[in-house]
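Below: the structure, in structure tokens.
There are 2 protein chains.
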Amino acid sequence: MNRLSDDLTVKAAAPLPLRRQPLPTSHDIVLAHGGGGQLTDDLLEQTILPRLGNATLNQLLDSALLPSFGQDRPTITIDSYVVQPWRFPGGDIGRLAVSGTVNDLAVNGARAEGLALSLIIAEGFARTDLEVVLDSIASTVAEAGVQIVTGDTKVVGRNQADGIYITTAGVGRRSREQHLGFDCVQAGDMLVVNGPIGEHGLAVMLAREMPHIDSVLRSDAAPLNHLIQSCLKCLGNQVAFMRDPTRSGLAGVAADLAQHSGYHVTLDEARIPVRPEARHAADMLGLDLLEVANEGKVVFVVRPEAAAALVRHLQDLGHPRAAIIGSVGHARDGMCELLTHIGGRRIIQKPYGEQLSRIC
Amino acid sequence: MNRLSDDLTVKAAAPLPLRRQPLPTSHDIVLAHGGGGQLTDDLLEQTILPRLGNATLNQLLDSALLPSFGQDRPTITIDSYVVQPWRFPGGDIGRLAVSGTVNDLAVNGARAEGLALSLIIAEGFARTDLEVVLDSIASTVAEAGVQIVTGDTKVVGRNQADGIYITTAGVGRRSREQHLGFDCVQAGDMLVVNGPIGEHGLAVMLAREMPHIDSVLRSDAAPLNHLIQSCLKCLGNQVAFMRDPTRSGLAGVAADLAQHSGYHVTLDEARIPVRPEARHAADMLGLDLLEVANEGKVVFVVRPEAAAALVRHLQDLGHPRAAIIGSVGHARDGMCELLTHIGGRRIIQKPYGEQLSRIC
């Protein structure tokens, strides 16, 4: 190298007593926490890694490496969570995000092998609140038996987000032998659900619209992967299709099932499990329970001879109100109808939008 | 089934002339577009699938199934993009999101096998602007030779996001033979970059702070996967480590390299390629070019005997200003220093935050 002054170089290169200075700790999140510099590292080291750290995440690589899946097939899912309020009876945005991603893999017959977590935080969000969310994420990944393996943090201005938004993605692994999908559905199949519907959406809506009401209603947000794996193990290829009835609720799943399988689908209102407090809340808020979001429910479509066994298995797993709630008919009209309590019938359509926004 | 009135049931079940009604088209995004109901389906069918659709995405499953990777290892990455303004000279948030995710997989030696795309849109964002972003995503995934295989859309209130935020995750596939990482770095290795630095950050900053200035400066945002795969093919295991110098710039990568490899790393300022317009903009904005974000650059750490060959290979691939910009020393002090133009030395630290927020 042709330098202007070797002398200068040598003089300036004397040992420098430099090390990373301890950084001032901020009680609230500031823009620089999302800058990718020392403050981001500080947030990672002080707040995120102590809660979510593991051998893979701790490497902080741009992308996380997972063990080979062999002949199993990789699956990928992503969802953003913008629920408001971020904390509600029965859960918070962290529990919701992890459960949603684990469940989206599980209903596709895949085991979650690694989750990726991306935070968008508004400047001024309290660090203690962030800790609550991260603790919730940590306890939910532990419950599901999965790990956060990579992540990202961005901070935007005070009025550029409402508290915190979380996006979770997951990589799953599905056996080559597993066949699930609309195309596996047959006439005569039965619809089974693992418990009472509508509780997530109603709990969030009550928390938002009537924060001073003290209801016993709680969100059902929960990871369902162990439950689903156990049912698949028990019933094998007698399960044709699964979906978690989140946004647009049971109505959305049933309408999609009818539309995409091409069969006529019937739901039997009298058999759909609903807790009295949920019915009361739905009446009070003027909502159709069938359209309300769930975050800990799964709808199974199974061969008719397996339906009773599935309900018993779900009950044995601690879901006493699991029930057969409908069936797939022979007509190829792609329509879904509800057999009502009083024996009438009405068409079930996918809701136009959501009754309230930001429910998940 | 024990119904109240079989007669009523039969009467009401007469054929119903129901089919999905055409929905009114809104010029702007409304909350219900994120509700998971018919309006979300409409957005998907009218706006998203025509641009991004493919055999996997079109199935609209909760999680997308990819072909088996055999003995190759799966990798996963995630990043949220909140850049402001969302459109800037040389790119937009869509090009940025796809490039960033593809590049995060590529620098880890993995080929992107499927991308997941999650949108958080503020109510009132113009549908035509969304189309611009989606077109940009479509052209960038085509350029990179990858596909969007799954996604999610959420809508928040007008003042609850600034236009549009995008989170992209990617699943990659890395050969078992590929070894890359801080632990592969050795004393004597050289640092190589594929071209002039600082252009993404400066282009965004100029667009935001001085929108009326007409600069020739453009963001370098681009997918680098083909470039990186070609270099790995050419040099094999002589490449020890790669990283894209995004937030916190070249300074951040060099400081991380020193810290995590434990070696002394030296950058040679005179050799770092910089365009005159970038230097001018950095001076005008009072920024240190070393700390400014890039979105189409990669820093390679290679064995000394391979460095010149890598530079020639990059030049052959259309990167005329590729250069050797530094080296890994023998000292085990984990520090990074800059040999300045005038022959002085200064310590390079990771920036405290980012000079301006929301740069990516």
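Chains A and B supply the protein sequences, listed in that same order.
Heads up: the first sequence begins at 77 in the working numbering, then just goes up one per residue.
Heads up: the second sequence begins at 77 in the working numbering, then just goes up one per residue.
Note that CB positions come from ideal geometry on N, CA and C, so glycine has one too.
As the structure is a prediction and not an experimental result, all values here were calculated from the model.
Below-7 Å beta-carbon distance, residue i vs any chain A residue
i, result
"residue 167 of chain B", "no"
"residue 228 of chain B", "yes"
"residue 241 of chain B", "yes"
"residue 150 of chain B", "yes"
"residue 214 of chain B", "no"
"residue 441 of chain B", "Nothing can be reported for residue 441 of chain B: it is not among the residues displayed for chain B, which extend from 77 to 436."
"residue 205 of chain B", "no"
"residue 429 of chain B", "yes"
"residue 197 of chain B", "no"
"residue 192 of chain B", "yes"
"residue 153 of chain B", "yes"
"residue 323 of chain B", "yes"
"residue 326 of chain B", "no"
"residue 232 of chain B", "yes"
"residue 108 of chain B", "yes"
Inter-residue Cα distance where the pair is residue i and residue j
i, j, result
"residue 206 of chain A", "residue 393 of chain B", "45 Å"
"residue 222 of chain A", "residue 142 of chain A", "12 Å"
"residue 124 of chain A", "residue 213 of chain A", "10 Å"
"residue 363 of chain A", "residue 191 of chain A", "34 Å"
"residue 215 of chain B", "residue 140 of chain B", "21 Å"
"residue 249 of chain A", "residue 306 of chain B", "29 Å"
"residue 132 of chain A", "residue 164 of chain B", "35 Å"
"residue 280 of chain B", "residue 233 of chain B", "25 Å"
"residue 255 of chain B", "residue 154 of chain A", "28 Å"
"residue 383 of chain B", "residue 178 of chain B", "24 Å"
"residue 162 of chain B", "residue 297 of chain B", "13 Å"
"residue 224 of chain B", "residue 174 of chain B", "9 Å"
"residue 229 of chain A", "residue 405 of chain A", "48 Å"
"residue 300 of chain A", "residue 121 of chain A", "30 Å"
"residue 209 of chain B", "residue 171 of chain B", "8 Å"
"residue 261 of chain A", "residue 403 of chain A", "11 Å"
"residue 144 of chain B", "residue 144 of chain A", "10 Å"
"residue 452 of chain B", "residue 410 of chain B", "No statement about residue 452 of chain B is possible, as the shown extent of chain B runs from 77 to 436 and does not include it."
"residue 185 of chain B", "residue 398 of chain B", "20 Å"
"residue 417 of chain A", "residue 390 of chain A", "25 Å"
"residue 168 of chain A", "residue 276 of chain A", "11 Å"
"residue 436 of chain A", "residue 111 of chain B", "9 Å"
Proximity to residue i [Cα-Cα], best of the options
i, options, result
"residue 267 of chain B", "B:412, B:432, B:106", "B:412"
"residue 378 of chain A", "A:408, A:314, A:401", "A:314"
"residue 198 of chain B", "A:296, A:238, A:189, A:170", "A:238"
"residue 231 of chain B", "A:299, A:226, A:159, A:217", "A:159"
"residue 109 of chain A", "A:169, A:130, A:201, A:172", "A:201"
"residue 292 of chain B", "B:119, B:407, B:278, B:145", "B:278"
"residue 329 of chain B", "B:304, B:353, B:425, B:409", "B:425"
"residue 415 of chain A", "A:433, A:401, A:409, A:284", "A:401"
"residue 226 of chain A", "B:111, B:348, B:157, B:180", "B:180"
"residue 273 of chain A", "A:345, A:118, A:386, A:189", "A:345"
"residue 353 of chain A", "A:374, A:290, A:325, A:407", "A:290"
"residue 265 of chain B", "B:167, B:106, B:325, B:380", "B:380"
"residue 350 of chain A", "A:342, A:270, A:211", "A:270"
"residue 369 of chain A", "A:295, A:166, A:193, A:283", "A:295"
"residue 420 of chain A", "A:147, A:285, A:343", "A:343"
7 Å Cβ cutoff, residue i in contact with chain B
i, result
"residue 254 of chain A", "no"
"residue 368 of chain A", "no"
"residue 426 of chain A", "yes"
"residue 391 of chain A", "no"
"residue 111 of chain A", "yes"
"residue 130 of chain A", "no"
"residue 305 of chain A", "no"
"residue 158 of chain A", "yes"
"residue 433 of chain A", "yes"
Per DSSP, cross-strand counterpart(s) of residue i
i, result
"residue 319 of chain B", "B:375"
"residue 230 of chain A", "A:196"
"residue 104 of chain B", "B:202"
"residue 124 of chain A", "None; residue 124 of chain A has no bridge partner."
"residue 422 of chain B", "B:414"
"residue 237 of chain B", "A:237"
"residue 435 of chain B", "Its beta-bridge partners do not exist; DSSP assigns none."
"residue 224 of chain A", "A:191"
Enumerated in chain order, which unbroken segments of the beta strand (DSSP E) with a length of 3 residues or greater are wholly contained in the stretch 138–192 of chain A? 149–157
Whole beta strand (DSSP E) elements within the stretch 366–419 of chain B, 3-residue minimum: 375–378, 399–404, 412–415
Pick out the complete alpha helix (DSSP H) segments inside the stretch 241–296 of chain B, 4 residues or longer, and give them in chain order. 275–285
Run through the stretch 299–346 of chain A for me and flag every whole alpha helix (DSSP H) of 4 or more residues, listed as ranges in chain order. 301–311, 325–337
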